[in-house]
Amino acid sequence: IYFFQSLGVPTLCPSQGPRPPTPPFRKTMGTGPRDFRFSIDRGGTFTDVFAEFVDAEGNPGQRVLKLLSEDPANYPDAPREGIRRILEAETGIPHPRSSPVDTSRITSIRMGTTVATNALLERKGERTALVVTRGFRDLLHIGNQSRPEIFDLEISAPDVLYETAVECDEQVVLPLGDTPSIRAGRDPVGDAARHPLEGRAAVATTGEAVVVRRAPDLEDLRTRLLEVRESGIASLAVVLKHSAIFPDHERAVGELALELGFTQVSLSSSIMAMVKMVPRGYTAAADAYLTPHILRYIQTFQAGFDAGIQDTPVYFMQSDGGLTEVGAFSGHKAILSGPAGGYVGYALTTQWEGVDPASLQLIGFDMGGTSTDVSRYAGTLEHVFESTTAGVTIQAPQLDINTVAAGGGSRLFFESGVFRVGPESAGAHPGPVCYRKGGHLAITDANLVLGHIVPAFFPKIFGKTEDQPLDLDVARRALAAVTEQVNAHGAAAGAPPKSVDEVAVGFLRVANEAMCRPIRALTQMKGHDVSRHVLACFGGAGGQHACAIAVALGIRTVFVHRYSGILSAVGIGLAQVVKEAQEPTATSLSEESLAQLHQRLDALEAEVTGQLEAQGFGRGQIECERYLNLRYSGTDVPIMTLTPEDGNFAAAFEAGYKREFGFVLEGRDIVVDDVRVRGVGTSSAAQAAHPTPERKDEVPTPDAVVSAYFEIGGRQDTPAFLLGRLAPGQRVPGPAILIDDISTIVVEPGCAAFLTAAGDVRISIGDEAVGAGGKQGLSLEADPIQLAVFSHRFMGIAEQMGRVLQRTSISVNIKERLDFSCALFDPEGRLVSNAPHLPVHLGAMSEAVRFQIGYYAPDGEGCRLHGPLEEGDVVMANHPQLAGGSHLPDITVITPVFNEGKVVFFVASRGHHADIGGISPGSMPPHSHLLVEEGVAVVSYKLVSHGRSGLMLGGGGPMRLVELPLELRVSTAFHHPGLGVLGDPSAEPITRAACSDNVAESSGCLGMTLRLPARLLACLLYRA
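In full-length UniProt numbering, the protein residues as written are 1 to 1024.
Given below as structure tokens:
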């Protein structure tokens, strides 16, 4: 049951009956002189409005509008102002700002908003209290003890979202049994029989037996909640232990809270009934904190319309890519409301003649001023079910959108001999230096200097008077100053000088590589071939970098929608109304359990179908997707598995697991954590592409010829075209600049742009561009640009290794406390690159790698006994005295990477394992006096030899601890993501050179860093 206040009225929902139905279309397009359907993306800076209408003659029309999201001097609400302006412009009827907006011409309003995201980032939500099981008052303060920003010198834990916590004296337990249980575990010594639990036996929603030892003391709770309410707090989050499977106690607390006058009550068991009390508690707190803030905004928005707004369908975009009616929009589902529209937009509009849209694999590339969002679509929306935003973990379905801090406003630096882009941003004010406001050197300045932005076709809105063009001269002077620094640094090493253009394009290469990292993580690191994807580009700055990104990734096609600058609003217009139902379960996947699981899925499908029918959708408009959330027994990495065509859930799960992680756990039971149904009410569809013959014989006349610099061909005369003047079918060979009102598209040399009948731009990346792009600017000589590019690539590999290790690990220390590290080493064992993991590991792992190199050297003991390291070997060690270990629970796994028979790299990881066979359970026995009492000490153990596992060196057979062999099996497999990239024969000499440069540059930077405090100290002593 989910409690909240709907538009100011305390309500209990959904147990007190369905909301008043909100049909998808109460008015029919074309019944009046004009009918308007509005789709709006209210962003943090700008609000985009996309209007579709039918005029008096029955002709369809569209209109777009962009305005500031906050402009209190001119209007109180940007979405409402956008609707007013379009109605006034298209109907010719005045709509004064002082009067309510007439809704008689409005068919529907759909909106995505960053209101919730901004409130979370700025901590401007509702005053909130938390009710939690007694003894867990500080649960959300403690969290899971992870340290995500381990390198920060000033560590500050994110504030919790509630002001006060109230403990509820209640207890529900899961009794141990004589047989293995999905959640409770075993009782091999019969302790439960000898000491039975006192309390009332009950059955959980999963069918498991539970014991209610103490029901909530509601009278005591009443007194303390009254004190909270009298302090002015009206929003309450409730998270009780085991409520995911036994929600009765939370429901009782929720009813009491409503009785006492709380207007927002968020129950964790209703918001997301999934196991894990910490993320469930964070989610409930976020919902209670954000939902009242959202509802107030909705009230403000609706207050500016006439009474007809009550009969006008109003929908809001949710983080999962689906729409929901205005009364059901809640905080925990609103975090990605804005970006979700862009995802749906490119997913449903990237199509052209001669290609089946269902066969396309797409990469969404949304580059804005501060950051870039990337995502993947291959026929279905890809979701994650746990994510962290602004330090708050949200457990809810969200589109899998990755963000990197690189955008048009990202600042450019040359520090310690390395090119650096971001994460600092110049922002909108003062902005890049070319904005004429004394700003900072940024990516936009580099594009301007290179000629990729044409000032003559850019709005004249800059300077103090906001009527001047972009300032090319000041941008060039700023880059020239940086170029002097680059050349001064290079002169010391005998490097040839670089031009301003070369430095500018170098910064773009570094920025592009930063944006390629999350794309590779979504594709290559999950078993997908990135070159088989289409790059769907949108956002204000995306067109300037799309070709270069595609070339770097080997992608052959770029697609730019005609409304790429407002594609989030377009996507909101194409999105469907979605209802979801999910319940936890606790059973192993088997033929016997499937029948019961299908019965539960049937019940959930009936529930979501009824909700959609109540909103006016017919049975023929409703489509349902059925899922099982599956994982291997003993692991914490579930995969939401859609019902396969053949009904074989096990095969579908294992195929997905192997594709993403590179292995399967043979002999392990598959556990069903949850059953889920996603119901979709369809009311619109993307328009099919119209065939557009290519007009090869006609070369369009450019609107201007500008001087632009490209890596292929250098500085050259480049034609610039206004998109509005190009005819469908015309082909524009690169290099070229395509310009419209809201974006600029750079067509690189070796590429060609093609205008479709719909006005979209499709760019083909030619062999010349792809062939040159992979090696452009790369050499065996030390180069600061190349150093920065490869640093991003190396770090991306280490980061992805860490993500896979965390997700597949069994040890709670690794998967929750993040007590692990991953890194890359050169053939001599020197650290090349690492993810931002634990310094205590990273500082010692090099010694561990060097020990194994010496151990298997021609004169080493390992080589004498078992031969040298060979391709397919994986070695582990943990001995702190002999093998470079730290303490025994920290096991190091090392994989050599071979190329043409020689070791070219090592990838290694070190993680804290839960048990290594000490004198007592756990990883660090408190009473141990000798190393042997802490557990197994291993000098060198081949986990894998010649690609086959299980060989022990110099010992009496493999270890037989319960979980450790499986944990180490996982550790060997997760090295797989980086091996293919590092073992590329064609790139091996350049990559090795980059490794050496990286090590040398790191040593230099460290020396400078250590010398600085010494100089400061000398200065202070001299002055004293």
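For glycine and all other residues, C-beta sits at the position ideal for the given N, C-alpha and C.
Euclidean distance between Cα positions of residue i and residue j
{"i": "Val832", "j": "Thr370", "result": "29 Å"}
{"i": "Gly232", "j": "Tyr162", "result": "13 Å"}
{"i": "Phe53", "j": "Ala569", "result": "15 Å"}
{"i": "Leu221", "j": "Val265", "result": "15 Å"}
{"i": "Val49", "j": "Tyr563", "result": "11 Å"}
{"i": "Thr444", "j": "Leu604", "result": "50 Å"}
{"i": "Gly610", "j": "Lys579", "result": "10 Å"}
{"i": "Val637", "j": "Arg631", "result": "6 Å"}
{"i": "Asn629", "j": "Gln599", "result": "16 Å"}
{"i": "Cys863", "j": "Val874", "result": "15 Å"}
{"i": "Leu130", "j": "Leu256", "result": "14 Å"}
{"i": "Lys333", "j": "Asp320", "result": "7 Å"}
{"i": "Ile639", "j": "Arg63", "result": "42 Å"}
{"i": "Ser499", "j": "Tyr709", "result": "11 Å"}
{"i": "Ile86", "j": "Ile742", "result": "18 Å"}
{"i": "Ile271", "j": "Val278", "result": "14 Å"}
{"i": "Gln299", "j": "Val421", "result": "42 Å"}
{"i": "Gly539", "j": "Phe365", "result": "8 Å"}
Proximity below 8 Å, CB of residue i to CB of residue j
{"i": "Val505", "j": "Ile765", "result": "no"}
{"i": "Leu553", "j": "Val534", "result": "no"}
{"i": "Asp674", "j": "Pro584", "result": "yes"}
{"i": "Val326", "j": "Tyr343", "result": "no"}
{"i": "Ser821", "j": "His841", "result": "yes"}
{"i": "residue 1029", "j": "Phe262", "result": "Since the first residue of the chain shown is 1 and the last is 1024, residue 1029 is not available in this structure."}
{"i": "Met274", "j": "Gln395", "result": "yes"}
{"i": "Leu174", "j": "Val210", "result": "yes"}
{"i": "Leu824", "j": "Phe794", "result": "yes"}
{"i": "Asp373", "j": "Ile401", "result": "yes"}
{"i": "Val560", "j": "Ala541", "result": "no"}
Residue burial classification, residue i (beta-carbon count within 10 angstroms, cutoff 16)
{"i": "Gly543", "result": "buried"}
{"i": "Gln800", "result": "buried"}
{"i": "His929", "result": "exposed"}
{"i": "Asp826", "result": "buried"}
{"i": "Leu360", "result": "buried"}
{"i": "Glu711", "result": "buried"}
{"i": "Asp41", "result": "buried"}
{"i": "Pro313", "result": "buried"}
{"i": "Leu726", "result": "buried"}
{"i": "Asn144", "result": "exposed"}
{"i": "Asp77", "result": "buried"}
{"i": "Val931", "result": "Residue 931 is actually Leu in this sequence, not Val. So Leu931 counts as exposed."}
{"i": "Asp217", "result": "exposed"}
{"i": "Pro188", "result": "For Pro188, the predicted model reports a pLDDT of 47, less than 50, meaning its position is unreliable; a value from the coordinates is still stated below. It is exposed - the Cβ of Pro188 has fewer than 16 other Cβ atoms within 10 Å."}
In DSSP terms, what residue i is bridged to
{"i": "Val677", "result": "Ala581 and Arg626"}
{"i": "Lys66", "result": "Asp48"}
{"i": "Val903", "result": "Phe898"}
{"i": "Asn834", "result": "Ala823"}
Reduced DSSP category for residue i - H, G, I as helix; E, B as strand; rest coil
{"i": "Gly955", "result": "Interpretation of Gly955 is limited by its pLDDT of 36, a score under 50 that renders its predicted location unreliable; the figure taken from the coordinates is listed afterwards. Three-state result, Gly955: coil."}
{"i": "Asp35", "result": "strand"}
{"i": "Ala442", "result": "strand"}
{"i": "Asn74", "result": "coil"}
{"i": "Leu755", "result": "strand"}
{"i": "Ser593", "result": "helix"}
{"i": "Met876", "result": "strand"}
{"i": "His489", "result": "helix"}
{"i": "Gly30", "result": "A caution first: Gly30 carries a pLDDT of 38, below 50, which makes its placement in the model too unreliable to give a value."}
{"i": "Arg803", "result": "helix"}
{"i": "Ile739", "result": "strand"}
{"i": "Gln881", "result": "coil"}
{"i": "Pro459", "result": "coil"}
{"i": "Thr291", "result": "helix"}
{"i": "Thr324", "result": "strand"}
Closer than 7 Å: residue i CB and nearest the ligand NAP heavy atom
{"i": "Thr403", "result": "What this structure holds is no ligand at all, so the ligand NAP is not there to describe."}
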